[in-house]
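Shown next, in structure tokens, is the structure this report addresses.
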Amino acid sequence: MKLVLLLLLASTLAAARGGRTGAHGAPSPAERQAGGVAQPRQAPRQSMQAVPLQKAIALGSETVYLSPDTSTAKVGTIPPGQQIGVQAVNGKFTQVFSGISGWITGHNFVLLSAPNADEVIFGAAAALQRKAYDDQSDAETKNATRLFLNIYNYLPQSPRAGEALYRGAALQWDTKVSEMPSSAAPDMRLFPDDSLLHRVESKFKGTPWAARAAYKLLIEHFTCGDWFTKPECIGKEANRYRDYVKKYPASPDAPEAVYDALYREAIAWTLYSQPGKNANASNAADARSRVTADAALLARAYPHTDWAARGAYLEFQVAHNSPLPLPPATPLGGP
0 MKLVLLLLLA
10 STLAAARGGR
20 TGAHGAPSPA
30 ERQAGGVAQP
40 RQAPRQSMQA
50 VPLQKAIALG
60 SETVYLSPDT
70 STAKVGTIPP
80 GQQIGVQAVN
90 GKFTQVFSGI
100 SGWITGHNFV
110 LLSAPNADEV
120 IFGAAAALQR
130 KAYDDQSDAE
140 TKNATRLFLN
150 IYNYLPQSPR
160 AGEALYRGAA
170 LQWDTKVSEM
180 PSSAAPDMRL
190 FPDDSLLHRV
200 ESKFKGTPWA
210 ARAAYKLLIE
220 HFTCGDWFTK
230 PECIGKEANR
240 YRDYVKKYPA
250 SPDAPEAVYD
260 ALYREAIAWT
270 LYSQPGKNAN
280 ASNAADARSR
290 VTADAALLAR
300 AYPHTDWAAR
310 GAYLEFQVAH
320 NSPLPLPPAT
330 PLGGP
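Residues 0 to 334 in numbering that gives the first Met the number 0 are what the sequence shown spells out, letter by letter.
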């Protein structure tokens with residue numbers, strides 16, 4: 000019996016040593032790899048958290064790196080307003096797809112599934128629009144345009160959708176109009192794509208944004224001809240503005256539209272009342288009466304606005320027979 004117990008004890012001790020060494024007391028594979036000396040366990044590396052691909056919008060310009068390390072190669076840049084797919088997070092890095100695949104730092108993007116994504120995108124767009132105005136930057140204008148339009152394109156049910164579509168469309172329109180040849184005669188004007196402004200009118204009828212889009216598009220009708228060779232075209236433009244005010248009396252742009260009409264009549268009065276080929280006392284008297292009527296409308300319907308005060312100033316000049324300075328060329332909308 001004692002012999003059996005001694006054999007069992009010897010077997011147990013051998014098994015215990017076998018957990019650390021190989022057969023016959025040889026070092027284990029781990030010990031052989033480490034030179035026969037057991038090494039301390041290394042701390043695991045920071046794990047990469049994979050997530051389902053999520054759609055997001057970049058809020059600022061982002062450099063894309065090949066790996067989650069800013070010392071690796073730069074593979075591209077994502078502009079503000081670009082749609083991206085978010086794949087994984089590794090510490091402060093995010094893996095994204097947007098035509099190119101790579102890693103960006105920080106979190107300068109918003110998931111389209113976020114509850115306030117529309118407000119965040121709208122805020123970023125408004126900030127860029129202000130920066131574009133201050134810096135006179137075409138690049139920032141395009142970035143702001145892209146951000147505004149993303150709200151309508153990806154979040155069409157947002158309360159911000161109508162205003163965002165208008166502001167994006169207006170920025171794009173104004174940029175394209177400013178690129179039109181200034182030397183083009185009015186009857187030779189070719190206007191840029193107006194589909195986005197018309198979409199504002201059709202999708203958001205009855206809103207201030209539809210009215211403002213219609214105001215932007217008025218200039219498409221100003222193709223009658225040069226004011227100085229065909230002064231009757233001035234009155235046609237003025238009537239376009241008056242028709243706009245009748246259709247959209249509550250528009251944020253209505254006071255300016257009345258002033259635009261008044262200014263044109265004051266210019267017509269100046270042309271008709273001065274000596275020269277356009278002199279016409281009867282037409283001058285008619286233009287003067289319309290200046291008075293437009294100024295009265297501004298004072299009555301839109302009091303305490305800059306447009307009402309400016310209209311009163313023009314009426315004062317005409318009433319006192321003070322000719323207005325003539326523009327060097329026929330303007331495209333506005334004074």
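Just so it is clear, CB atoms sit at the ideal spot from N, CA and C, and this is done for glycine as well.
Three-state secondary structure (DSSP) at residue 178?
-> coil
Alpha carbon to alpha carbon, what distance is there between residue 297 and residue 308?
-> 8 Å
Specify, as a first and last residue, the run of the beta strand (DSSP E) that residue 87 falls within.
-> 82 to 89
Taking C-alpha atoms, which residue in 121, 224, 254 lies nearest to residue 240?
-> 254
Exposure label - residue 189; buried when at least 16 CB within 10 Å = exposed
May I ask which residues mark the beginning and end of the beta strand (DSSP E) holding residue 77?
-> 73 to 77
Return the CA-CA distance between residue 302 and residue 295, expressed in angstroms with no decimal places.
-> 10 Å
Residue environment, residue 99, which counts as buried when at least 16 other CB atoms sit within 10 Å | exposed
Which two residues bound the contiguous beta strand (DSSP E) that contains residue 100?
-> 100 to 104
Excluding the 5 residues preceding and the 5 following residue 195 in the sequence, name in chain order all residues of the same chain whose CB lies nearer than 6 Å to its CB.
-> 168
Three-state class that DSSP yields for residue 39 in the structure shown | Bear in mind that a pLDDT of 44 at residue 39, under 50, signals an unreliable position, so the model cannot answer this.
Taking C-alpha atoms, which residue in 70, 251, 92, 166 lies nearest to residue 124?
-> 166
Where does residue 32 sit, in a helix, a strand or coil, going by DSSP?
-> Note on residue 32: pLDDT 43, under 50, position unreliable in the model; no value is reported.
CB-CB under 8 Å to residue 45, same chain, minus the five flanking residues each way: which ones, in chain order?
-> Residue confidence for residue 45 is low, a pLDDT of 48 falling below 50, so the modelled location carries little weight; the figure read from the coordinates is stated next. Cβ neighbours of residue 45 beyond the five flanking positions: 89, 90.
Residue 196 by DSSP, collapsed to three states: which one?
-> helix
Simplified DSSP state of residue 301, which is helix, strand or coil | coil
Going by DSSP, what residues sit across from residue 54 in a beta bridge?
-> 84
Do the region 49 to 61 and the region 109 to 118 meet, that is, are 3 or more Cβ pairs less than 8 Å apart?
-> yes
Whose CA, out of 252, 175, 186, 289, lies closest to the CA of residue 213?
-> 252
Assigned secondary structure, residue 110 (DSSP; H/G/I helix, E/B strand, else coil) | strand
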